[in-house]
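Take any residue in the sequence shown, count from 1 to its spot, add 5: that is its number in my numbering. Before any comments, here is the structure.
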Amino acid sequence: MSDDLFAAQPTSSSGYDASAIEVLEGLEPVRRRPGMYIGGTDERALHHLASEVLDNSMDEAVAGHATRIEVTLEAGNRLTIIDNGRGMPIDEHPKFPGKSALEVIMTTLHSGGKFEGKAYATSGGLHGVGASVVNALSTETVVEVARNKELFRQSFSQGLPLGPLEKVGAAPNRRGTSVSFTPDTAIFGEQKFKPARLYRLARSKAYLFAGVEIRWKCDPSLISDDTPAEAVFQFPGGLADHLKEQVGNRECATSVFFTGNQDFPGIAGRVEWAVAWPLWSDGSYSWYCNTIPTPDGGTHEAGLRTALVKGIRAFGDLIGQKKAKDITADDIMTSSEIMLSVFIREPQFQSQTKDRLTSPDAARLVENAVRDHFDHFLTDHMDRGKALLAYVIDRMDDRLRRKQEKDVKRKTATSARKLRLPGKLTDCSTDNPDGTEIFLVEGDSAGGSAKQARDRKTQAILPLRGKILNVASANTAKILANQEIADMILALGCGTRKDCNPDNLRYERIVIMTDADVDGAHIATLLMTFFFQEMPELVRRGHLYLAQPPLYRIVAGGKSLYAKDDAHREELLRKEFKGKKVEVSRFKGLGEMNPMQLRETTMDPATRSLIRITLPADVEDRASVRDLVDRLMGTNPAHRFAFIQENAAAVDEEAIDA
6 MSDDLFAAQP TSSSGYDASA IEVLEGLEPV RRRPGMYIGG TDERALHHLA SEVLDNSMDE
66 AVAGHATRIE VTLEAGNRLT IIDNGRGMPI DEHPKFPGKS ALEVIMTTLH SGGKFEGKAY
126 ATSGGLHGVG ASVVNALSTE TVVEVARNKE LFRQSFSQGL PLGPLEKVGA APNRRGTSVS
186 FTPDTAIFGE QKFKPARLYR LARSKAYLFA GVEIRWKCDP SLISDDTPAE AVFQFPGGLA
246 DHLKEQVGNR ECATSVFFTG NQDFPGIAGR VEWAVAWPLW SDGSYSWYCN TIPTPDGGTH
306 EAGLRTALVK GIRAFGDLIG QKKAKDITAD DIMTSSEIML SVFIREPQFQ SQTKDRLTSP
366 DAARLVENAV RDHFDHFLTD HMDRGKALLA YVIDRMDDRL RRKQEKDVKR KTATSARKLR
426 LPGKLTDCST DNPDGTEIFL VEGDSAGGSA KQARDRKTQA ILPLRGKILN VASANTAKIL
486 ANQEIADMIL ALGCGTRKDC NPDNLRYERI VIMTDADVDG AHIATLLMTF FFQEMPELVR
546 RGHLYLAQPP LYRIVAGGKS LYAKDDAHRE ELLRKEFKGK KVEVSRFKGL GEMNPMQLRE
606 TTMDPATRSL IRITLPADVE DRASVRDLVD RLMGTNPAHR FAFIQENAAA VDEEAIDA
């Protein structure tokens with residue numbers, strides 16, 4: 006080994022010695038590196054300040070010391086949170102002579118009453134940094150405490166006290182803590198609290214603890230949407246009330262939701278849950294620990310997943326359903342509405358922002374508490390248990406089929422090559438395109454309903470998100486970059502423009518199925534424009550159709566009929582229901598129709614009606630048709646205006662004749 010490795014090296018000119026080591030004192034680390042404490046300086050981090058203060062008040066409520074919390078947003082981005090709990094301690098702290106406990110809490114990291122569990126059995130605050138972090142990142146913080154019928158106040162700026170704790174006077178009818186603060190623009194820039202976000206935060210906290218009343222108030226000048234300026238939240242049913250509101254009028258696999266709560270045996274803490282299984286719409290998950298949202302889930306989520314999958318498998322075994330052994334947690338949880346809240350001592354989180362619970366015991370505690378209740382939910386009412394099991398097995402079958410058809414071979418595919426299909430396509434099971442259909446459906450909600458209503462052997466579903474690109478006014482690069490269009494091209498498998506070969510079409514019929522309203526008609530027009538421009542031969546050969554979903558349902562006694570539009574409704578009322586008392590309901594969209602109604606009116610070949618979209622056989626060069634499409638769908642609005650002027654009189658005459 007060369008001696009050069011041990012030769013004296015030149016001294017650095019940077020002056021890196023003891024004097025270069027910086028020691029940050031007090032709350033200066035928070036101001037230097039706010040991301041370490043609140044996850045950044047963006048809008049989410051700004052609202053995390055509100056959560057930190059509100060969580061302290063919620064801890065007082067959960068501990069049984071507070072029954073009311075007030076959240077007030079004022080002009081100047083000033084937020085005030087008041088509770089009627091015990092109030093922060095104001096006596097001198099034994100380790101900091103001359104300082105009150107309140108000042109220590111507000112100006113010292115890792116100070117609080119939640120370390121040993123003496124003051125709180127369960128709490129959201131753990132590290133003693135919440136209040137002091139809010140103080141450090143605010144230009145002004147004012148804390149008022151009412152204890153022993155006396156009122157005390159202390160003011161701070163950027164984490165530093167502006168003076169000692171002062172006794173303001175008597176407060177015979179008041180108790181608790183008030184924290185008022187204004188976030189520092191040097192940290193957060195010009196970002197402001199969003200009333201709607203704070204409103205949802207306050208409301209969610211009330212659901213999480215039935216024993217607390219939360220009052221919301223906001224300066225009306227700060228509201229730009231439908232958020233109320235004042236509201237009072239109190240929900241005796243807890244998460245069950247929340248779930249009922251969340252599900253609304255959506256039809257579910259079971260009319261009774263799986264809800265309940267259970268204390269953990271032998272230790273302080275409990276779990277509360279609420280689960281529903283909507284039939285044809287997306288669901289959502291809400292996880293909480295000690296009233297703190299944990300959006301990334303964690304060990305409490307794992308406990309619930311295990312309880313549900315073990316419970317449904319056991320029920321399947323009980324009634325002799327052999328397929329139940331293959332059910333996974335995703336089969337029972339995907340698209341469900343789930344809310345889970347746990348209260349445990351000394352929880353462990355992934356970070357200070359508490360996005361994920363990592364406490365190892367939480368999985369076991371939740372599983373054991375929920376499993377017994379779920380077993381009773383399924384077996385106490387066997388029809389309910391069988392309905393849920395059938396729903397879950399249906400989802401399992403879909404999952405297994407998608408896995409098998411990930412690479413699908415079609416006889417119509419060139420050289421029997423395998424096609425990788427769009428992930429959101431729910432394909433039909435037959436390989437032969439004869440008699441098959443693909444429904445292009447408006448939105449995921451309608452798509453979910455269509456999946457339930459379809460004939461799995463011959464009908465495929467491709468949900469599209471909103472209004473697709475208007476191809477008549479877009480260049481080729483923009484068209485090919487559009488995800489919805491790319492999914493359609495991939496699903497149909499026949500190529501576009503000069504490469505379009507109808508012989509390779511994977512389905513016999515393409516059915517555009519949109520809502521029976523103006524927006525639905527617009528989407529259908531955009532889709533027809535796409536096929537005319539990109540796949541004209543499909544249109545010429547008669548592969549393209551329009552579904553005819555009803556707009557109204559008319560019921561009188563045991564008779565029920567559907568009307569496709571206003572004129573049809575009036576005709577039915579005049580001919581079929583004359584002189585009868587009828588109930589008329591209007592479908593806002595396909596997503597509001599249950600699968601049975603959608604199948605009967607729009608998808609079942611035996612009862613539906615379709616409109617075939619074609620091109621005149623004598624228009625070989627399509628010049629006149631293309632001119633019309635360009636006028637109506639192109640980039641020049643003057644052409645559309647001219648067309649309306651030219652044809653308005655004819656429309657008026659037809660209306661008069663009608």
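In this text, a Cβ means the ideal position worked out from N, Cα and C, and glycines have one as well.
- LEU142 and TYR42 have their C-alpha atoms roughly 11 Å apart.
- Going by DSSP, LEU551 is part of no alpha helix (DSSP H) but of the beta strand (DSSP E) stretching over 549-552.
- DSSP places ASN295 outside both helix and strand once states are collapsed to three, so it counts as coil.
- Taking each of GLY271, SER356, LEU603 in turn and checking the Cα distance to ASP301, the smallest one comes out for SER356.
- When C-alpha distances from LYS586 are compared across HIS573, GLU605, ILE559, the shortest belongs to ILE559.
- Straight through space, the alpha carbons of SER340 and GLY288 are spaced by roughly 4 Å.
- Residue pairing by DSSP places THR187 opposite GLU145 in a beta bridge.
- Secondary structure note for ASN266: its beta strand (DSSP E) is the uninterrupted segment 263-268.
- Around the beta carbon of GLN602, a 10 Å sphere encloses 16 or more other beta carbons of the protein chains shown; the residue is thus reported as buried.
- At a cut-off of 3 residues, the continuous stretches assigned as beta strand (DSSP E) that sit fully inside the region 211-264 are 218-223, 235-238.
- A Cβ-Cβ contact shorter than 8 Å links ARG275 with PHE348.
- In the DSSP assignment, ASP88 falls within the beta strand (DSSP E) that extends over 83-88.
- LEU323 has its alpha-carbon roughly 30 Å from the corresponding atom of LYS249.
- Beta-bridge partners of PHE348 (DSSP): ARG275.
- Judged by DSSP in its simplified three-state form, PRO166 adopts strand.
- About 6 Å separates the CB atoms of GLY174 and LEU156; that is less than 8 Å, so the two are in contact.
- The Cβ atoms of ILE443 and TYR512 lie closer than 8 Å to each other.
- Residue pairing for TYR204: DSSP places it in no beta bridge.
- Under a 10 Å Cβ-count criterion, SER260 is classified as exposed, with fewer than 16 other Cβ atoms of the shown protein chains found around its own Cβ.
- Its chain contains ILE74, VAL76, ALA207, LYS210, ALA211, PHE238 as the residues whose beta carbon lies nearer than 7 Å to that of ILE219, once the 5 sequence neighbours on both sides are disregarded; these appear in chain order.
- Its chain contains ILE515, LEU543, VAL544, LEU549, ILE618 as the residues whose beta carbon lies nearer than 8 Å to that of PHE536, once the 5 sequence neighbours on both sides are disregarded; these appear in chain order.
- For secondary structure counted as the alpha helix (DSSP H) over 4 or more consecutive residues, the region 520-582 holds these complete runs in sequence order: 523-539, 541-545, 571-580.
- By the neighbour-count criterion, in which a residue is buried when 16 or more other Cβ atoms sit within 10 angstroms of its Cβ, ARG37 is exposed.
- Annotated three-state conformation of MET598 is coil, per DSSP.
- Rounded to the nearest angstrom, the gap between the Cα atoms of GLU605 and ILE484 is 35 Å.
- Taking each of TYR290, PHE320, ASN295 in turn and checking the Cα distance to ALA307, the smallest one comes out for TYR290.
- Annotation: the continuous alpha helix (DSSP H) that includes ALA367 extends over 365-384.
- HIS247 is classed as buried because its beta carbon has at least 16 other beta carbons within 10 Å across all chains shown.
- Rounded to whole angstroms, the separation of the alpha carbons of ILE398 and ARG318 is 10 Å.
- Contact between CYS223 and ALA234 holds: their C-beta atoms lie close to 5 Å from each other, under 8 Å.
- When the alpha-carbon of ARG83 is set against those of PRO188, ASN140, PRO34, ARG49, the nearest one is in PRO188.
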